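At position 29 of the sequence shown the residue is numbered 29 (full-length UniProt numbering), and the sequence of numbers has no breaks. Working notes, structure below.
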Amino acid sequence: MTPQTTAEAQQPGVSYIMPVLNEAGYIREAVASILAQDYGGDKEIVLALGPSTDSTNAIVEQLHAEDPRVRFVHNPRGRTPIALNLAIKASRYPVVIRVDAHSTLAPGYTRRGVETLFRTGASDVGGLMDARGRTPLQRAVAAAYHSPAGLGGAAYHSGAPEGPAESAYLGIFRREVFEEVGYYDESLWRAQDWELCLRIRNAGRTVWFDPELSTVYYPRERLRDLGRQSYASGVWRGEIARRHREGKSRRHDLPPAMVAGVAAGVLSWFVRPAAPSRGAAAALALLRLAPAAYLGGVAAAAATAKSTLSPRERLLMLAVLPTIHFPWAVGFVRGRTAGAGSTLDKGRVRA
1 MTPQTTAEAQ
11 QPGVSYIMPV
21 LNEAGYIREA
31 VASILAQDYG
41 GDKEIVLALG
51 PSTDSTNAIV
61 EQLHAEDPRV
71 RFVHNPRGRT
81 PIALNLAIKA
91 SRYPVVIRVD
101 AHSTLAPGYT
111 RRGVETLFRT
121 GASDVGGLMD
131 ARGRTPLQRA
141 VAAAYHSPAG
151 LGGAAYHSGA
161 PEGPAESAYL
171 GIFRREVFEE
181 VGYYDESLWR
191 AQDWELCLRI
201 RNAGRTVWFD
211 PELSTVYYPR
221 ERLRDLGRQS
231 YASGVWRGEI
241 ARRHREGKSR
251 RHDLPPAMVA
261 GVAAGVLSWF
271 VRPAAPSRGA
281 AAALALLRLA
291 PAAYLGGVAA
301 AAATAKSTLS
311 PRERLLMLAV
321 LPTIHFPWAV
331 GFVRGRTAGA
341 GSTLDKGRVR
351 A
């Protein structure tokens, strides 16, 4: 498709799609940031409501009564890819923008995103995930997300120059791309965005990263929920690596190697081999340093995190980083070797 200017595109109508499950504390702010977009085209928001156990659905019904542009469909199974597909099929405008109930959009997000979509000729555009927090722990998690020692790797966490990308955070799509490559894979309960981007790229279309696009994201508020989210993310990332040759990356092997090294280092303090050779003794001595080296790395990451963190938040990072690393690594090995099965993000689901 030939790139067009924003003037030629004439700000086409935009459909925002959002999976929603147990988001009573965030959904109103997320919807308000969409309705406040500085964009001249028509807008609609299609919320896919999962089986929430809090007041989320009642809030959404109230939002619909306040503004008919806020619409909703029901997603009884509560799965994210099913929610996304239901919302896309219920929407009507030529540009589809995925949003998250834990996020808020800057006022110019839509205008910039649509302009980039037409300027580059891309089929999917994404930007930065700007993690922020309302509480000390949430701010520590956000700092870990921004740190190379946290999630690392992807451009939308740490930033990169504008250009073609492997995947896009959330995504601003031309509607016709779903007709060409299909919808989200409903067998992938997580990581379905990466797999969709793979199909888009394999179809000869472009996924584009624009660092001028930024979405505020609020991470999990409890360490237990963060650990559960990290484990589920690792499992489904392992499933992606299991299914697709392109889904494998050396950086994904680093967390499992780190966990194995730390675990072996701890164990080595309790295992005393009889009369080891000089080489074996030297290797054992190095292995015993692994836990201290890991803790030193975590401490260095906390100490060098962004300057706005308080001393308390830096201390919390000492717990946050292992809560990201260890569950993700264990989950990745499980997903890579045995498949994801029916692994849920239990940090989001409430009994």
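Beta carbons are placed, not taken as given, at the ideal position from N, Cα and C, and that holds for glycine. Here the structure is a predicted model, which means the values were calculated and not measured.
- By the criterion of a C-beta distance shorter than 8 Å, ILE59 is surrounded in its chain by ALA24, ILE27, ARG28, once the five residues flanking it on both sides are discounted.
- Every alpha helix (DSSP H) stretch that sits fully inside the segment 197-271 and reaches 4 residues is listed by chain position as 223-243, 250-268.
- Distance between GLY238 and ALA329, taken at the CA atoms: about 9 Å.
- Three or more beta-carbon pairs separated by less than 8 Å are not found between the segment 122-136 and the segment 81-90, which leaves the two stretches without contact.
- Under the 8 Å Cβ criterion, the segment 183-192 does not count as touching the segment 201-211, having fewer than three qualifying pairs.
- ARG312 sits away from ALA303, with the two beta carbons spaced by 8 Å or more.
- Contact check between the segment 162-180 and the segment 105-120: three or more CB pairs, one atom from each, fall below 8 Å, which counts as touching.
- DSSP, reduced to helix, strand and coil, places THR56 within a helical segment of the structure shown.
- About 5 Å separates the CB atoms of ALA30 and ALA101; that is less than 8 Å, so the two are in contact.
- Within the model, the alpha-carbon separation for GLY108 versus GLN37 is close to 6 Å.
- When the Cα atoms are used, ASP67 and ASN57 turn out to be separated by approximately 15 Å.
- PRO12 and ALA106 have their C-alpha atoms spaced approximately 19 Å apart.
- ALA232 places its beta carbon less than 8 Å from that of LEU344.
- The beta strand (DSSP E) runs lying completely inside the segment 68-147 and spanning 3 residues or more are 70-74, 95-98, 103-105, 124-131, given in chain order.
- The Cβ-Cβ distance between ALA264 and PRO273 does not fall below 8 Å.
- In the three-state scheme derived from DSSP, where H, G and I count as helix and E and B as strand, ALA290 is classed as helix.
- Looking at the backbone, the Cα of VAL262 and that of ALA290 are separated by about 5 Å.
- Looking at the DSSP output, PHE173 bridges to VAL96, ASP124.
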